[in-house]
Structures are given as structure tokens and as C-alpha cells.
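Enquirer: Numbering (the working numbering), first residue to last: 11 to 173.
1) Counting Cβ pairs closer than 8 angstroms, one from the stretch 89 to 97 and one from the stretch 116 to 125, do we hit at least three?
2) Is it the case that the Cβ atoms of residue 59 and residue 124 are separated by a distance below 9 angstroms?
3) For the candidate residues 85, 24, 42 and 55, whose alpha-carbon lies nearest to that of residue 136?
4) Please tell me whether residue 50 and residue 38 are closer than 9 angstroms, where the distance is taken between their beta carbons.
5) Looking at C-alpha atoms only, which residue of 63, 156, 139 and 101 is the closest neighbour of residue 44?
6) I'd like the list of long-range same chain contacts for residue 170, defined as Cβ closer than 6 angstroms, with 5 residues on each side in sequence excluded.
7) Give a yes or no on whether the C-beta atoms belonging to residue 12 and residue 112 are separated by under 9 angstroms.
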């Protein structure tokens, strides 16, 4: 696959609903890469819809040494770096990065609130390698076919927050 639009959602259920709504036949292909589900929808142009699991990135101290307190310098890091029992996040980030490498357009379809905006921004910035300035934003309040179609056809030209 090459030259497709990559849509990023905040949750797996949203990815499924968006894929079914945007596919011309309503039957997108479900694929799994390293345990991560994603969907391929057919339209004028191929669309790949991949979910996150909420926040894939969090704030961590810049210093590698955890014995130094207080911490004054922070940076965004993958959740699995600072939290226990989050190793599966590594495969989600790897799959999103792999899918982003062949995409030529990006859409943030995470929930339209501050948290969703942050989730999408961080994925576009880190997993998709600095695509936050090239991404569009889908704005919807319900996951109905009609509203998803309209949000896709009327994407905002940029992300909704300058994070």
C-alpha cells in the first residue's frame, strides 16, 4: 500500500465505525499488524484508519537517572518508557509509524476535545514523524454514518489546537 490517507482515531471502536462509514461498500478490510488492528477503506483514494489506545505518549523527565529530585526538565516520551505494564503500547506506536511512512495525507479523527486533540497531536508529531503541521482535523460529535461522512468531506484544514 502506498499513497493513502491515514486517519488516526483515539479508540479501536471509533476506528471500526469510521472505517465502515467511509468505505463505499460499508465493508472495509480489517488487518492486524503485530496485534494492532487497522482498517483499509475504499473510496476515491484508499484510506487507512488506525486507532490509538488513548494516550500513547506522556510527560517524563529528561534525565535518565531517576534518583535525582526534583525534576525540572520534561519531555514527551512513549507511555511504555515511564509506566509499568504498558509494553503493548510499543507495538501500537511501531504499527502507526509503519503505516505513516507510506501515507501522503493525514487526518486526526480523535475525539473533538482537548484530550483527543492532544492524543492526535502527539501521535502525528512523534509516531508519524512531524506530520502535525500537515494534518487535517475531522470534527464530529457522534459516530453515525452521516456525521462521519460530513466530517470527512469537511475536514478542518489544520489541527484545532496549536499544541
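Heads up, the beta-carbon is just placed ideally off N, CA and C, and yes, glycines get one too.
Expert: Quick answer:
1) no
2) no
3) 85
4) yes
5) 101
6) 127 and 147
7) yes
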